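Take a look at the structure set out below.
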Amino acid sequence: MLRRTLFAVAAVMVAILLICGCTGTTSGPTPADNETQQLRIATTTSLHDTKLLDHLKPIFEEQYNAEVLIISAGTGKAIEYGERGDVDVLMVHDRAREDAFLANGYGTDRRVFAYNYFVLVGPESDPAGVANMTPEAAFTAIREKGTTGDANVTFVSRGDASGTHSKEQAIWKAAGFNYTTDVQGSGDWYQEAGTGMGATLSMANEKQAYTLSDIGTYLAYKGDIDLVTLVDEGDILLNVYCAMQINPEKYPDTNTTLAKDWINFLISDEVQNEIASFGVDQYGQPLFYAVGDDWEKIGVTEAEVKDPVQ
Amino acid sequence: MYEIIEGIIEAARLIVTLDPDVMAISARSIVISLTATVVATLVAVPLGAAIYFGTFPGKKSLINLIQTLYSLPTVIVGLLIFLLLSRVGPFGFFRLLFTPTAMIIAQTVLILPIMTGLTISALSGVDPVIRDTLRSLGATRFQFLKSVMKEARFAILAAVAVGFGRAISEVGAAILVGGNIMASSFASSTRVLTTAISLETSMGNISQSIALGIVLLLIALAVNLVITMIQNR
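Those protein sequences? They're chains A and B, same order as listed.
First residue of the first sequence: 1, per the numbering used here; consecutive thereafter.
First residue of the second sequence: 1001, per the numbering used here; consecutive thereafter.
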């Protein structure tokens, strides 16, 4: 009796399993007439959590009869997925690592589709007095106060090899510090969260500490935390988002058609307008800026902004 | 405190209004974890019996190893399956990464040690007098095994309950091999209750997380009621 019940349940489950497995793996470059193609995108949590991609996804899916699967992780992990060929498109915001990715032949056809700025946020009381300083000067002041024992001054870092973490490290470097010797582990004032942006902001809020955040996540959390923007100007705070396809020469069964369609979709005029107005209703300001004609300002080439992928 | 109460209210609302997203995520959790439990049972119970009744060198060490694997971290299993199923891995050609099937595989591997070990414990709990009686009555090997398993069925079903509990509550493997994808079709999405809770928590939606947690516990309650009913037959 028990055996028979178990067997029947097992048979049903195996059947469901086969259905799940079969429909879950229909991907690949063979263009069937009306079959829905799958596009796998690896992206960073900072970008995904702003919900911009969820907003654009249905528009693309309808236009191209596709199914977009978005896997979000820290920038480091997203790049790892790209290097292993487990996705078709990579969307991140770390210029240096993107350059390495392209140079090593893992990606091609990088296009910049949006930018915004990082912000240094902190408690309203601003114990380190960094409001309106330059980012480098602010970081220096925070470290100064922190290492000389001011218990009110704490900095919470992402500490997770994410794009935001890379930017933070770049600012420390620009301020003249050696990250591993002068900052990391130099005292209780510097704490590494090892989690995503949202969780890091919550932690900084709990500790009334300073942290570096992308504007998108900060605005999304603003209602729930008491941290305020203290430094939001400075070229180094520029945050440029790009998309690239995984190199089909390295991974021939990448869905290159859909990958190209997606990238061209992102830089098309209609979608650029969509991106530029995203978030205004909810936050009173846009979360992203369309590049438009400002490619020089953000330090990229015109081709990377305007030219559709062939 | 307030968030917990908000969470309970939110849970009630999501269930009563049959919120489609939550229904889809719950259904996926159930399908994936039940499948993993069934597959693991079909492997673990015969395997446990074979190990228990067999005599071979290193038997004690093997049982020790199985019990050590009870502590296998879910994220390590996830990492292992990820490396095996990744496109550059040995089983990459199956293209199973980021699919529900991969999650089923990961959960099956995860709960195998605990179900095997508990089966062995269950069988060793059967009164030796019964075993001797069976032998003296001239039972064939098959009849012997069947009867002893029947005697131990309560404890074996408890092992199934533990296995299911571990499978449906784990996050590490599900996120690594599944990717927590919310796609437009049911079969391509890999978001389950635990990974959804993880996401909602990281985005600061505390009451949503608690609500999903309550839904998960209610599902576990329902499944365990069924198991108890079978146990008491």
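For every residue, glycine included, the Cβ atom is placed at its ideal position computed from N, Cα and C.
All values reported here derive from a predicted model rather than from experimental measurement.
Taking the C-beta atoms as reference points, alanine 243(A) is found no nearer than 8 Å to valine 68(A). Between lysine 250(A) and glycine 105(A), the C-beta gap is smaller than 8 Å, which places the two residues in contact.
For leucine 1085(B), same chain residues with a beta-carbon under 6 Å away, outside a window of 5 residues either side, are Phe1091, Leu1096, Leu1097, Ala1102 in chain order. Here the segment 1198 to 1205 of chain B makes no contact with the segment 1055 to 1063 of chain B; the two share fewer than three CB pairs at distances below 8 Å. Look at the segment 76 to 137 of chain A and you find these whole runs of beta strand (DSSP E), each 3 residues long or longer: 89 to 92, 107 to 122. Using a Cβ-Cβ cut-off of 8 Å, glycine 1048(B) does not count as an interface residue toward chain A, since no Cβ of chain A sits closer than that to its own. Contacts between methionine 1203(B) and chain A, judged by CB atoms closer than 8 Å, involve Asp49, Gly198, Ala220 in chain order. Per DSSP, the unbroken beta strand (DSSP E) holding leucine 69(A) starts and ends at 66 to 73.
Comparing C-alpha distances from threonine 50(A) to each of Asn152(A), Ala209(A), Val271(A), Ile215(A) shows the shortest one belongs to Ile215(A). Below the 7 Å Cβ cutoff, chain A contributes Arg84, Gly85, Asp86, Tyr251 as neighbours of arginine 1087(B), in chain order. DSSP lists Tyr190(A), Tyr210(A) as the bridge partner or partners of phenylalanine 155(A). If you check the CB distance, alanine 209(A) and valine 156(A) come in under 8 Å. For secondary structure counted as the alpha helix (DSSP H) over 4 or more consecutive residues, the segment 1100 to 1172 of chain B holds these complete runs in sequence order: 1100 to 1124, 1128 to 1136, 1141 to 1151, 1153 to 1169. Listed along chain B is no residue with a C-beta nearer than 8 Å to that of leucine 258(A); the closest approach is about 14 Å.
For glycine 163(A), same chain residues with a beta-carbon under 7 Å away, outside a window of 5 residues either side, are Thr44, Ser46, Thr75, Val92, His93, Asp94 in chain order. Under a criterion of Cβ atoms nearer than 9 Å, no residue of chain A is adjacent to isoleucine 1004(B); the nearest Cβ is some 16 Å distant.
Rounded to whole angstroms, the Cβ separation of arginine 110(A) and leucine 102(A) is 6 Å, and the two are in contact under 8 Å. Counting along the chain, the unbroken beta strand (DSSP E) around isoleucine 246(A) starts and ends at 238 to 246. Within chain A, the residues placing a beta-carbon under 7 Å from that of glycine 1179(B) are Ile71, ordered along the chain.
With respect to chain A, the C-beta atom of leucine 1084(B) has no partner C-beta closer than 8 Å. For leucine 230(A), the enclosing beta strand (DSSP E) has its first and last residue at 228 to 231.
Any Cβ of chain B closer than 8 Å to the Cβ of glutamate 192(A) would place that residue at the interface, and such an atom is absent.
Excluding its 5 nearest sequence neighbours in each direction, threonine 1037(B) has C-beta neighbours in its own chain below 6 Å: Gly1163, Phe1164, Ala1167, listed in chain order. Around serine 202(A), the beta-carbon contacts reaching into chain B at under 7 Å are Gly1204.
In the three-state reduction of the DSSP assignment, alanine 170(A) falls in the helix class.
A Cβ-Cβ contact shorter than 8 Å links threonine 1035(B) with isoleucine 1104(B).
Per DSSP, the beta bridge partners of glutamine 37(A) are Ala66(A).
With respect to the 8 Å criterion, tyrosine 241(A) and alanine 114(A) are classified as neighbours on the basis of their beta carbons. Note that the C-beta distance between alanine 1049(B) and methionine 1149(B) is below 8 Å.
Between alanine 1155(B) and alanine 1122(B), the CB-CB gap stays under 8 Å. Non-local C-beta neighbours of lysine 207(A) in its own chain, meaning closer than 7 Å and more than five positions away in sequence, comprise Thr154, Val156, ordered along the chain. Assigned with DSSP and collapsed to three states, tyrosine 1070(B) falls in helix. Within chain B, the residues whose beta carbon sits less than 8 Å from that of arginine 40(A) are Phe1098, listed in sequence order. Nearest to asparagine 116(A) by alpha-carbon distance, out of Gly185(A), Asp232(A), Asp54(A), is Asp232(A).
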